[in-house]
Every structure is written in structure tokens, then in C-alpha cells.
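Student: Got a structure for you, questions after.
Protein chains in written order, with the working numbering: chain A, 1 to 115; chain B, 116 to 230.
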């Protein structure tokens, strides 16, 4: 069975600084997708970034980028120039190549941004 | 702005009541999902519909009854709930097939309180 682990329950960063959230996963599949979702206090689950396992290039979306290490089964999220609006719970998630497969979440990391 | 719309945003119901949560998406997606989320925990999958047919039921108690009237609508009928069923209920959707078929988009959620 696939598992996703986020080892940092809480993180904090100073506004305008950079922070990296860690995520590791375990799978025997060769084709899969990885995601980072953000959930602010409003509780809407917002897609931040996605990475296809077959792509070697790390995904980027503006201030958000990932470090995808397939052999190490690691998928960290880097947030550059942190803003107050980045404060939220961040979930790492895995989905296999089956298109109706489950989205498997990590336990989440709460990010605090200090002004 | 989310393209997955959930109503109501807040619902308080007694243990003998019958109520429904509604979800609508206009992205042309053919897979729709119900998730349950407790505070500070990741979402837990409840049901998956693919092409309007129930494809996954994660052993959810029968007091929760899903319905997919068409490809855009998803309902969750609630009856004889328990206080421990109080949670945020998230609806989500995705395409089926192709590389885009693996990104799940969430609605804003419906807060349910059972009294």
C-alpha cells in the first residue's frame, strides 16, 4: 500500500524568507502523480503544485517549486519570498496512475508566517 | 475561485433529521468524490463516482447515502447521524483518462454539526 509521510507537524518562516516543507512517500508503482495542497483557515483545499513521476524536471509555479527525488521517494515544497497569505496547512498527496485511484494524503504541515 | 460549488456552507442537524449536502461542478469532469475531514487531519475518502456510477465506497456507514444524478451534480444524503459525524465534508472532481485525469479539484466544503 502507498503511504505519504510529512515529518514536520509545524513550521514557521519570516515574511519574505524561504521555507521548505518535507514529504516522503512509499510506493511500488512506477507511474504516479504527486501534489501539494494548501488549506488556509477558510478550509478550502487549494492545489499548489503537481508533479508527474515520469518527468525529471521539477515543477514550479511562481514562488512555489518542488524538489522531486524519485529514487529517494522524496517530494519537498519550497516557498520563496514567503507572504502572510501563505500561512496554512499544507498537505502532500499521492495518486497512482489509475484514474479513479485514491488520493493519499500525508498528515499535513502547519505553516506559520511571521511578519 | 473554485469551480466546485458546495451547498450549504454550514449545516446544523439533529440526530433524527434528514438533510442533504449538494455539490456541482462545471469543469466537464466525469469523476466526483466525497471526502470527510476532521480538524487538523487530512481528508478521508468516502465515495467515488466515475461516469455517474459508484466506483468506490470506503466502507462508509449507511447513514451516509451518495447520489450522482448527472455528470455535474453530486449529493450526499444524511440520515440518523451521530455527533461524531460532525466534520467538514469536501466534494471534489477530476477528469477521467489522460494526464490531466489525475488532478483532483476541491470545493470549499460544507461544515456539518450534528447535535
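Glycine residues also receive a C-beta, built at the ideal position from the N, C-alpha and C atoms. Just so you know, these numbers come straight off a predicted model, no measurement behind them.
Taking buried to mean at least 16 other C-beta atoms within 10 Å of its own C-beta, is residue 59 of chain A buried or exposed?
Tutor: Taking the first residue of the first chain as position 1, residue 59 of chain A is located at position 59. Burial call: buried.
Student: Who are the neighbours of residue 102 of chain A on chain B, taking C-beta pairs under 9 Å?
Tutor: For this step, residue 102 of chain A is matched to residue 102 along the first chain. Neighbours of residue 102 of chain A on chain B, chain order: 160, 163, 171 and 173.
Student: Look at the alpha carbon of residue 20 of chain A and the alpha carbon of residue 219 of chain B, and state the distance between them as a whole number of angstroms.
Tutor: Counting from one through the first chain, the residue named residue 20 of chain A turns up at place 20. Counting from one through the second chain, the residue named residue 219 of chain B turns up at place 104. So the alpha carbons of these two residues sit roughly 23 Å apart.
Student: Say whether chain B places a C-beta atom closer than 9 Å to the C-beta of residue 45 of chain A.
Tutor: Position 45 of the first chain holds residue 45 of chain A. So yes, residue 45 of chain A belongs to the interface.
Student: Tell me whether the beta-carbon of residue 162 of chain B lies closer than 9 Å to the beta-carbon of residue 191 of chain B.
Tutor: Residue mapping note: residue 162 of chain B aligns to position 47 of the second chain, counting from 1. Residue mapping note: residue 191 of chain B aligns to position 76 of the second chain, counting from 1. Going by C-beta atoms, residue 162 of chain B is nearer than 9 Å to residue 191 of chain B.
Student: Among the residues of its own chain, which have a CB less than 8 Å from the CB of residue 65 of chain A, if the five just before and after it don't count?
Tutor: As a first step, residue 65 of chain A is located in the first chain; it is residue number 65 there, counting from the start. Excluding residues within five positions, the ones whose Cβ falls inside 8 Å are 49, 58, 59, 77, 78 and 80.
Student: Alpha carbon to alpha carbon, how far is residue 136 of chain B from residue 176 of chain B? Give it in angstroms, no decimals.
Tutor: By 1-based counting over the second chain, the position of residue 176 of chain B is 61. By 1-based counting over the second chain, the position of residue 136 of chain B is 21. C-alpha separation (whole angstroms): 16 Å.
Student: Beta-carbon separation of residue 22 of chain A and residue 8 of chain A under 9 Å?
Tutor: As a position in the first chain, residue 22 of chain A is number 22, starting the count at 1. As a position in the first chain, residue 8 of chain A is number 8, starting the count at 1. Result yes, Cβ atoms of residue 22 of chain A and residue 8 of chain A sit closer than 9 Å.
Student: Can you give me the C-alpha to C-alpha distance between residue 199 of chain B and residue 149 of chain B, rounded to a whole angstrom?
Tutor: Residue 199 of chain B sits at position 84 when you count from the first residue of the second chain. Residue 149 of chain B sits at position 34 when you count from the first residue of the second chain. The alpha-carbon atoms of residue 199 of chain B and residue 149 of chain B are separated by roughly 17 Å.
Student: Identify the contact partners of residue 85 of chain A in chain B, using a Cβ-Cβ distance below 8 Å as the criterion.
Tutor: Here residue 85 of chain A is taken as the residue at index 85 of the first chain, counted from 1. The premise fails here: residue 85 of chain A is roughly 16 Å from chain B at the closest Cβ pair, so nothing lies under 8 Å.
Student: Using a Cβ-Cβ cut-off of 7 Å (strictly less than) and excluding sequence neighbours within five positions of residue 103 of chain A, which residues of its own chain qualify?
Tutor: Walking along the first chain from the start, residue 103 of chain A turns up at place 103. The answer, listed in chain order, is 93 and 95.
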